[in-house]
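For reference, the structure discussed in these notes is given below.
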Amino acid sequence: MRLNDTDLDIRTQKIPVLTYNDSLANSIEDLTIESPTTSKTSRSTRKRYRNKTFIDWIYEYELAKHVKETVTNNGSPLLQMYIPKSKWVVLSISSITMGVLVVLIDFLSLWLHDKKYGYCSGHVVSIRSNCEEGQWETWSQTILTFMSSGTVFHNIGNLVICLVISGIFATMAVLITTKYSFSAHSGIAELKIILNGLIINGFLNIEVVLSKILGIIMVVAAGIWAGKDGPLVHISAGICNFFLIKIPNLHSQNQALKRELIAASTAAGIALAFNSPIGGILFVFEQFSGSIGIHSLMWPGFVSSTIAVTVMKALHPFDDIITGNLFVVTEDKNWLNVELIPFIFLGCLGGLLGVLFNQLNIRLQRFRVTKFMGSKRAQLLDVLAVCLLTVFLSYGNSFSGLTLTEMTSALFTDCSKSKSGVLCSASTLQSDKLEFPWRLCLILLFTFFQGLILTAYTVGGNIPGGVLLPSLTIGALVGRLFGTVLKYYQLRYPSLDIFMNCNSEGQCISPGSYAVIGAASFLTGVTRMTITVIAIIMEVTGALTYVLPVMIGVLFSILINSVLSGKSSYELWLKLNDYPYLPPGIEEFVNPDLTRIPCHRVFKPINQLFVICKDTFVTVNDICLVLENANVSGFPVLEKEGGKFIGYISSYELQLELDKLLDIEGVDRSTAVTLDPSSSDYSLEGILETNLLILPPEMDLLTCYDFFQKMSTSIAIFCDSRNQLVGIFSRVDIIELVEKSKVELELL
């Protein structure tokens, strides 16, 4: 091995690869299946991965194929019958569990949310909307019994109590999630890259899941602008991972098959969050299908979302209030062709606001990282301040004091003379004397800015919270405001040509439908999801006559996002946290100048690498010195110095094998080891990876980017026509190059 630019005292210039045969320990233990042979997987031990590294998809699928063949040829009849069905057992149990959990989360979060304002004297367990008329009592009515109700002191007392209870909920949310840091935030961004192949130890642990369940209940109860959608996706993945560990199955010991099943299980999270089973399936396709085939997601995702939603509907005590009719457009009317112009405008506006929201969110998170991340006390005060500010602003505005689902439901529902509510009572469009609805517009405008700024700051704090439901609400506020203004002018000037097709009552502009289109457009601008957004909107509204307007809004929103940013909130979050994520769509969003730069101009050449030669003996101490003093992810292996490339070995597996070797009696750091399995010395040949994809050094960087993105690999090996190693390129290297400007690329 060459040691360039280092003074390490190595007694040889060539260091061999090590393998240590651990036959059953890392294969499918629960099924007692033998380790795969070298012919099947190019190595004789189970491959292991360091935290924050990518799995080897080709190896994992080869291993799965070998295990299936072993079961078919040597397994008992019972095992042969159980293995193909084992994933359905895991998926069904995890989906049923999720359905039950969401019922508990919904009820507890709404019940605790109502407790900020009072209680139902007739039935303490009842939520406010189910409490019989006259039985709901505020806390000031209970405490300040010596004073008449409705006084200033009563109002101040109610506000103080609301602030105190909300602060307690927010504090509990922070304390719950502080112990398990992965339980904070949404979790969808991290799942994107985990299901893309990255190892993040502990992210799906059951302790994290339980912490997130309690945390999201407290967050919703506190009235913070954060949704339960993202946390439910994370929770569903963690529940599936838990049952994968507890129930014997083929997927639990295979990193690729495990990711297929976990990805399918996340469909239940979105399906339960929005009561949208089809939306859940499409969400998985749009967010998690990068390295997993659609055929592996479609039917399992369908089963997962169907079972979960069925269980929730069967058990939910308040189905008609919480999950049955969240967002409904009740008017049975169609849209006019002339409305295509405002629909397009709303789509463009939603895309623009979505991009601005993402940028604001990232800037605020950078501010939070620099100011608060070093202190748990500062993190607690940060969340507590946001919570109290949110409650204070919402208390004077009865509309923004609603939960996000209640608020969005009101925005999606049109007003009429027979309907009441905060929005309808503030509107003057149903009165006999037509006036511009200033009060309603101010309520919508104030709530919009409140939601936009508070959500941008809250999402990313040290609490669980998703961005999907707040995005729907913010977009619906914009759409409802726009639709309300159009409605006024339609009633004010009914004789205009554009309103000639209105019905006999002069009704044709539906503010609720504009809220629907605004919600879809803004959500697309934030997340870059298209088909998923359309499906969710259609399922939760039932407004099938507005499919085309919603599609138009989504289309123009994604176009604006592509022009201005090209990245979703999840991708920006991954970049902010330095995850090695490569987004798809290289033709659109990656610098086309990369096609003119060959890889040999930028990869690390062989004279800068630590190279291992197979024909060399060395001691354990020699290898330990390199691992302790050189920051390398792995070692290329050659037949001899200057010889052909034969494989690659990771530093992580090398260190693990050395540790095992040193545990053997009689072995110390002076013991000689070799790569040759026929040698009398200790052979460490089994971790040598020979089944690698070799790339030509003339390949352009854009094609190399495509290779990294689609294969989800960590390194690219470059060899010449004689199979001699010329260089190596890492995933981190390609990410850095993609971010370079045109001028910087020209200097390469």
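Here this note's numbering is used: the first residue of the sequence shown is 74, the next is one more, and so on. Backbone N, C-alpha and C define an ideal beta-carbon position, used for all residues, glycine too.
Residue j beta carbon less than 8 angstroms from that of residue i
i, j, result
"residue 731", "residue 696", "yes"
"residue 590", "residue 416", "yes"
"residue 543", "residue 289", "no"
"residue 286", "residue 174", "yes"
"residue 778", "residue 805", "no"
"residue 496", "residue 521", "no"
"residue 127", "residue 785", "yes"
"residue 586", "residue 619", "yes"
"residue 614", "residue 485", "yes"
"residue 167", "residue 323", "no"
"residue 726", "residue 687", "no"
"residue 557", "residue 507", "no"
"residue 176", "residue 426", "no"
"residue 598", "residue 352", "no"
"residue 209", "residue 193", "yes"
"residue 678", "residue 800", "yes"
"residue 691", "residue 740", "no"
"residue 541", "residue 596", "yes"
"residue 273", "residue 267", "yes"
"residue 345", "residue 305", "yes"
Where the alpha helix (DSSP H) through residue i begins and ends
i, result
"residue 257", "Element bounds for residue 257: n/a, residue is neither H nor E."
"residue 615", "From DSSP, residue 615 is part of no alpha helix (DSSP H); its letter is neither H nor E."
"residue 770", "No alpha helix (DSSP H) contains residue 770, which DSSP labels as neither H nor E."
"residue 600", "584-600"
"residue 293", "279-295"
"residue 511", "511-531"
"residue 211", "Per DSSP, residue 211 belongs to no alpha helix (DSSP H); it is in the beta strand (DSSP E), 209-211."
"residue 708", "Element bounds for residue 708: not the alpha helix (DSSP H) but the beta strand (DSSP E), 707-711."
"residue 477", "477-485"
"residue 150", "150-155"
"residue 647", "642-649"
Under the three-state DSSP convention, the category residue i falls into
i, result
"residue 400", "At residue 400 the pLDDT is 44, less than 50, meaning the model places this residue with poor confidence; the figure from the coordinates comes in the next sentence. Coil."
"residue 449", "helix"
"residue 465", "helix"
"residue 719", "strand"
"residue 762", "strand"
"residue 683", "coil"
"residue 429", "helix"
"residue 103", "Reliability fails at residue 103, whose pLDDT of 42 lies under 50, so the model's placement of it is uncertain and the value that follows must be treated cautiously. In this structure, residue 103 counts as helix in the three-state DSSP scheme."
"residue 134", "helix"
"residue 605", "helix"
"residue 671", "strand"
"residue 122", "coil"
"residue 756", "strand"
"residue 97", "Bear in mind that a pLDDT of 29 at residue 97, under 50, signals an unreliable position, so the model cannot answer this."
"residue 174", "helix"
"residue 127", "strand"
"residue 75", "Since pLDDT at residue 75 reaches only 42, below the 50 mark, its modelled position is unreliable, and the value read off the structure follows with that caveat. Residue 75: coil per DSSP, three-state reduction."
"residue 724", "helix"
"residue 204", "coil"
"residue 562", "helix"
"residue 313", "helix"
"residue 196", "coil"
"residue 794", "coil"
"residue 473", "coil"
"residue 409", "coil"
"residue 809", "helix"
"residue 506", "coil"
Strand pairing of residue i, partner residues [DSSP]
i, result
"residue 789", "802"
"residue 244", "In DSSP, residue 244 forms no bridge with anything."
"residue 678", "800"
"residue 300", "539"
"residue 692", "745"
"residue 271", "127"
Delimiting residues of the beta strand (DSSP E) encompassing residue i
i, result
"residue 746", "745-747"
"residue 192", "191-193"
Can you check the stretch 321-403 for any beta strand (DSSP E) of at least 3 residues that lies completely inside it and give the ranges in chain order?
none
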